[in-house]
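Structure first, commentary second.
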Amino acid sequence: MYEMRAESIADRCQLLWHVIAKDTTFSTLCGSLLSPDQTPPPAADSAAERYCAPCMTAFSRAVHAFGTPSE
Numbered sequence: 000m001y002e003m004r005a006e007s008i009a010d011r012c013q014l015l016w017h018v019i020a021k022d023t024t025f026s027t028l029c030g031s032l033l034s035p036d037q038t039p040p041p042a043a044d045s046a047a048e049r050y051c052a053p054c055m056t057a058f059s060r061a062v063h064a065f066g067t068p069s070e
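Counting from 0, one number per residue, gives the positions in the sequence shown under numbering that gives the first Met the number 0.
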């Protein structure tokens with residue numbers, strides 16, 4: 000299972016959401032390392048949040064490579 004974790008950016012006024020790699024706790028799919036004690040504050044508004052494009056691309060590739068489970 001994959002997990003999403005936010006990183007504070009732009010003087011802590013924005014959040015950038017990363018996808019955490021399956022086998023690690025702090026390594027993202029884009030290659031960034033997040034600090035274990037990093038707990039970003041909630042963004043002031045939803046416009047201050049965005050998703051990491053390289054993480055989303057890597058996640059999409061992983062999902063398509065394995066396909067969806069049959070029901």
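Every residue gets a Cβ at the ideal spot worked out from N, C-alpha and C, and that includes glycine.
Whole angstroms are fine: how far does the CA of residue j sit from the CA of residue i?
i          : j          : result
residue 24 : residue 35 : 8 Å
residue 17 : residue 7  : 11 Å
residue 31 : residue 2  : 14 Å
residue 59 : residue 13 : 24 Å
If you run the structure through DSSP and keep just helix, strand and coil, what is residue i?
i         : result
residue 5 : strand
Let's test the definition: count the other Cβ atoms within 10 Å of the Cβ of residue i and tell me whether it reaches 16, buried, or not, exposed.
i          : result
residue 70 : Reliability of the predicted coordinates at residue 70 is poor, the pLDDT of 42 falling under 50, and the value obtained from them is presented with this limitation in mind. Looking at its Cβ environment, which holds fewer than 16 other Cβ atoms inside 10 Å, residue 70 is exposed.
residue 64 : exposed
Along the chain, where does the beta strand (DSSP E) that runs through residue i open and close?
i          : result
residue 28 : Note, residue 28: premise wrong, no beta strand (DSSP E); not H, not E.
Going by C-alpha to C-alpha distance, which of the options sits closest to residue i?
i          : options       : result
residue 15 : 51, 33 and 27 : 51
residue 0  : 28, 47 and 12 : 28
residue 55 : 20, 12 and 33 : 20
Span of the alpha helix (DSSP H) holding residue i?
i          : result
residue 56 : 52-65
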